[in-house]
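S.K.: For reference, the structure I am asking about is given below.
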Amino acid sequence: MSSIIKGLGIGLFTAGILFTFISTSNSSGVSKTAPNGYELVKSEELKSLQAELSTSKEQLAQIQLDLEAISKENNTDEQVEEFDDPSSDQIKTVLIIRSGMTSTDISSILEQTNIIKNRKDFYQYLEDKKLSEGIQIGTYELNSSMTIAEIANLITK
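If you read the sequence shown in the working numbering, its first letter stands for residue 0, the second for the next number, and so on.
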């Protein structure tokens with residue numbers, strides 16, 4: 000996701016600069032007779048271009064700051080909470096499914112928290128039943144006594 004936001008920011012910045020140069024080359028304030036491939040621009044237009052460039056740089060910087068904030072937020076948020084019930088041998092977990100998580104990510108988390116024994120089996124079950132695209136963002140209370148089918152049914156409602 001971060002590469003998409005970076006790409007979008009860079010694309011907008013580049014498009015703004017290209018649009019500026021294209022629009023100024025067609026304006027009446029540019030002299031086509033400048034030596035060595037240079038173009039003469041009125042000082043008013045130069046100030047306008049510099050202001051537009053500055054604004055574009057500020058927008059790009061803000062996009063980068065937003066991207067860093069999102070990255071830090073995603074890295075610091077807990078995705079799983081574990082708690083043990085001393086009265087039983089089953090493991091209980093709260094699974095938080097966030098936007099962008101894949102069935103592979105979820106399978107790995109469930110295996111790491113000992114809710115399922117084999118992440119590949121859970122992943123394959125989701126694929127075989129065509130449930131991978133139906134995974135819903137949310138918070139789910141799971142325990143190790145649940146079957147793969149029960150877990151899949153719960154997170155794909």
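Don't be surprised by glycine CBs; every beta carbon is placed ideally from N, CA and C.
(1) Nearest CA to the CA of L59: which residue from T103, T13 and Q49?
(2) Do I90 and S143 come within 8 angstroms of each other at the CB atom, strictly closer than that value?
(3) Would I96 pass as a contact of I134 if the rule is Cβ separation under 8 angstroms?
(4) From the DSSP output, read off the bridge partner residues of T138.
(5) When burial is assigned at 16 or more other CB atoms within 10 Å of the CB, is Y124 buried or exposed?
(6) Is L48 near T19, with beta carbons less than 8 angstroms apart?
(7) Count the other CB atoms within 10 Å of the CB of L109; is the residue buried (16 or more) or exposed (fewer)?
(8) Where do the ends of the alpha helix (DSSP H) carrying E132 lie?
M.R.: So, to answer that:
(1) T13
(2) Taking 8 angstroms as the cut-off, the Cβ atoms of S143 and I90 count as close.
(3) yes
(4) I95
(5) buried
(6) Yes; because the gap between Cβ atoms is below 8 angstroms, this pair is in contact.
(7) buried
(8) Element bounds for E132: n/a, residue is neither H nor E.
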